[in-house]
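S.K.: The numbering of the sequence shown is the numbering used here, which starts it at 4 and goes up by one.
Glycine residues also receive a C-beta, built at the ideal position from the N, C-alpha and C atoms.
Keep in mind it's a predicted model, so treat the numbers as computed, not measured.
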Amino acid sequence: MTERTFSIIKPDATKRNLTGKINAVIEEAGLRIVAQRRIRMTQEEAEDFYDVHRERPFYGELVEFMISEPVVVQVLEGENAVARYREVMGATNPAQAADGTIRKLFALSVGENSVHGSDSADNAKIEIAQFFDASDIVG
Ligand code: GDP
4 MTERTFSIIK PDATKRNLTG KINAVIEEAG LRIVAQRRIR MTQEEAEDFY DVHRERPFYG
64 ELVEFMISEP VVVQVLEGEN AVARYREVMG ATNPAQAADG TIRKLFALSV GENSVHGSDS
124 ADNAKIEIAQ FFDASDIVG
């Protein structure tokens with residue numbers, strides 16, 4: 004089943020000029036980048052985006068991190084794109100991420116972990132809609 008997922012190349016990665024290297028891993032995994040934009044997230048956008056983590060001790064740090072440098076927001080399309088991208092990203096904590104995954108290759112820590120990917124098809128739709136109009140996505 005062809006589906007779409009939402010991705011963010013996070014500040015630790017854009018700061019180290021890793022956008023192209025991360026996109027290469029995404030494309031080699033068979034996922035197509037059908038929309039992409041470099042933005043500076045506002046505090047409000049970051050707070051809304053991570054609302055589910057509002058009560059977690061790292062929430063403030065996470066929001067500060069996400070607005071600290073530009074990010075690249077993306078829509079990825081492919082066969083089982085949500086699960087496939089989670090696989091390609093690797094575990095949240097890079098110390099536990101499998102070889103060849105983006106987080107194993109590039110992440111610095113559990114917080115500065117280079118990429119975000121939606122955890123379900125429903126969340127993918129909500130997250131894509133937060134950052135893209137339908138006409139921005141060219142499949
Ligand atoms: P993900 O779906 O793999 O991104 O992981 P989660 O949904 O559990 O967490 C969302 C994001 O919050 C992670 O990607 C990290 O950037 C951040 N995060 C999670 N746990 C921690 C933590 O213990 N400390 C800090 N600073 N950030 C964390």
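Using a threshold of 8 Å, state whether the C-beta atoms of GLY142 and VAL74 are closer than that.
M.R.: The answer is no: Cβ separation not under 8 Å.
S.K.: I'd like the span of the alpha helix (DSSP H) that includes ILE11, first residue to last.
M.R.: Here ILE11 belongs to no alpha helix (DSSP H); instead the beta strand (DSSP E) covers 5-12.
S.K.: Taking 7 Å as the cut-off, is the C-beta of LEU79 nearer than that to any heavy atom in the ligand GDP?
M.R.: Every heavy atom of the ligand GDP is 7 Å or more from the Cβ of LEU79, so no.
S.K.: Compute the Euclidean distance between the alpha carbons of GLN46 and THR5, then round it to the nearest angstrom.
M.R.: Answer to the nearest angstrom: the Cα atoms are 33 Å apart.
S.K.: Whose CA, out of LYS18, GLY63, TYR62 and ARG57, lies closest to the CA of SER117?
M.R.: Answer by Cα proximity: LYS18.
S.K.: Taking 7 Å as the cut-off, does the CB of ASN116 come closer than this to any heavy atom belonging to the ligand GDP?
M.R.: Yes, the beta carbon of ASN116 sits closer than 7 Å to at least one heavy atom of the ligand GDP.
S.K.: Any idea what DSSP makes of GLY120, helix, strand or coil?
M.R.: Residue state, collapsed to three classes: strand.
S.K.: Run the proximity test for ASP51: is its beta-carbon closer than 7 Å to any non-hydrogen atom belonging to the ligand GDP?
M.R.: Flag unset: Cβ of ASP51 not near the ligand GDP.
S.K.: So, for ILE42: in the same chain, excluding its five sequence neighbours on each side, which residues have a beta-carbon less than 7 Å away from its beta-carbon?
M.R.: Cβ neighbours of ILE42 beyond the five flanking positions: PRO73, VAL74 and VAL76.
S.K.: May I ask which residues mark the beginning and end of the alpha helix (DSSP H) holding ILE36?
M.R.: No alpha helix (DSSP H) holds ILE36; the beta strand (DSSP E) holding it covers 35-42.
S.K.: Tell me the start and end of each unbroken beta strand (DSSP E) in the region 26-113 that is at least 3 residues and wholly inside, in chain order.
M.R.: Taking only runs of at least 3 residues, the beta strand (DSSP E) segments lying wholly in the region 26-113 are 35-42 and 74-82.
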